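Residue numbers (my numbering), protein chains in the order written: chain A, 946 to 1047; chain B, 48 to 239.
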């Protein structure tokens, strides 16, 4: 039986992970773009990204593009696995079986 | 801690929404400028060719050169502003470029193999070959708009070739160029 993930379950973090999982495994998304897409503030997005990074679900890379500082985010393999399990658990709940948040 | 079925449904719905938004926004960022440009080029080239058929070869050569330069400029401009970048291990852009270069080489080879042919046959062949590449790219990026566009313009080309020979160029300007331009415009306006 799949387990819900307490870190991913938080609505904003679920949205962040959903967006990152939509990309190919070798693609990183720009911080500003993610902030606009999810309609979040810098601080709010930053705080949730830190949580996800601490859990090892995402990797944050700070770099320079055209001499401007730029932050890119990518979902890790661990993050993709955790997200898939979380989604499986949600589907089990919708289908009627009980699931606990780990 | 348990969550209700309603909460689980809402979470899954939110996931689907964000994934759809991300996919559309990224497709929009890359696809629309080049589709709009190529659509306009098709409209202009086919319309001029209808009235000056003797210059068809030069008109389409000019279109190909302008389109190639335009595409390179668009990708260069958009690359620096791209919201998504690839990690160094597996870059997609060179493979897309390679696909189009190989397509051009193979079109030339096939034209030599199939010669002699009429101008109409040559044009319909190149149009359908290019649309085949659109379908391949659609399958590659999981972008159904590219697949539908490729199939629709291919069907339009066949209709023009077999049923509307006297108005083939005007038909292709309207159906081919119009479809490519409209798709680019639709993505730009609706997927933002």
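For each residue, glycine too, the CB sits at the ideal point set by N, CA and C.
Note that the structure is predicted; figures quoted are calculated from it, not measured.
Check	Outcome
Would you mind stating whether residue 997 (chain A) and residue 961 (chain A) have Cβ atoms separated by less than 9 Å?	yes
Cα separation between residue 973 (chain A) and residue 1017 (chain A)?	6 Å
Assuming residue 73 (chain B) contacts residue 131 (chain B) under a Cβ cut-off of 8 Å, what Cβ separation, rounded to an integer in Å, is found between them?	6 Å
Let me know the alpha helix (DSSP H) ranges lying completely inside the region 954 to 1015 of chain A, each 4 residues or longer, listed in chain order.	956 to 966, 976 to 983, 987 to 999
Does residue 136 (chain B) get closer than 9 Å to chain A when you measure Cβ to Cβ?	Interpretation of residue 136 (chain B) is limited by its pLDDT of 49, a score under 50 that renders its predicted location unreliable; the figure taken from the coordinates is listed afterwards. Closer than 9 Å: yes.
Decide if residue 64 (chain B) is buried, meaning its Cβ has at least 16 other Cβ atoms within 10 Å, or exposed.	exposed
For residue 222 (chain B), which of B:205, B:233, B:236 has the nearest alpha-carbon?	B:205
Suppose the cutoff is 7 Å on Cβ atoms and the five residues either side in sequence are ignored; what does the same chain contact list for residue 1003 (chain A) look like?	965, 994, 997, 1018, 1019, 1020, 1021, 1024
Please list the partners that residue 1039 (chain A) has in chain B, where partner means a Cβ-to-Cβ separation under 7 Å.	52, 55, 56, 59
Just to confirm the assignment, what range does the alpha helix (DSSP H) spanning residue 201 (chain B) have?	191 to 210
Give me the chain A residues within the contact set of residue 193 (chain B), using Cβ-Cβ distance strictly less than 7 Å, ordered along the chain.	Result: empty, since nearest Cβ-Cβ is about 16 Å, beyond 7 Å.
Taking buried to mean at least 16 other C-beta atoms within 10 Å of its own C-beta, is residue 58 (chain B) buried or exposed?	buried
Express the C-alpha separation of residue 145 (chain B) and residue 136 (chain B) in angstroms, rounding to a whole number.	Residue confidence is low: residue 136 (chain B) scores 49 on pLDDT, short of 50, so the model does not pin down where it sits. Its coordinate-derived value is still stated next. If I take the Cα positions, the gap works out to 17 Å.
For the alpha helix (DSSP H) that residue 1028 (chain A) lies in, which residues bound it at each end?	1022 to 1040
How about residue 218 (chain B) and residue 203 (chain B): are their beta carbons less than 9 Å apart?	yes
In the structure shown, what three-state DSSP assignment does residue 1018 (chain A) receive?	strand
Quick one: which residues of the region 949 to 978 of chain A get their C-beta closer than 9 Å to a C-beta of chain B? List them in chain order.	949, 951, 954, 956, 959, 960, 961, 962, 963, 964, 965, 966, 967, 968, 969, 970, 971, 972, 973, 974, 975, 977, 978
Compare the Cα-Cα distances from residue 152 (chain B) to each of B:234, B:168, B:173 and report the closest residue.	B:173
From the DSSP output, read off the bridge partner residues of residue 59 (chain B).	None; residue 59 (chain B) has no bridge partner.
Output yes if chain A places a C-beta closer than 9 Å to the C-beta of residue 236 (chain B); else output no.	no
If I follow the unbroken alpha helix (DSSP H) through residue 166 (chain B), where does it start and stop?	166 to 188
Kindly indicate which residue of B:192, B:197, B:92 has the alpha-carbon position closest to the one of residue 178 (chain B).	B:197
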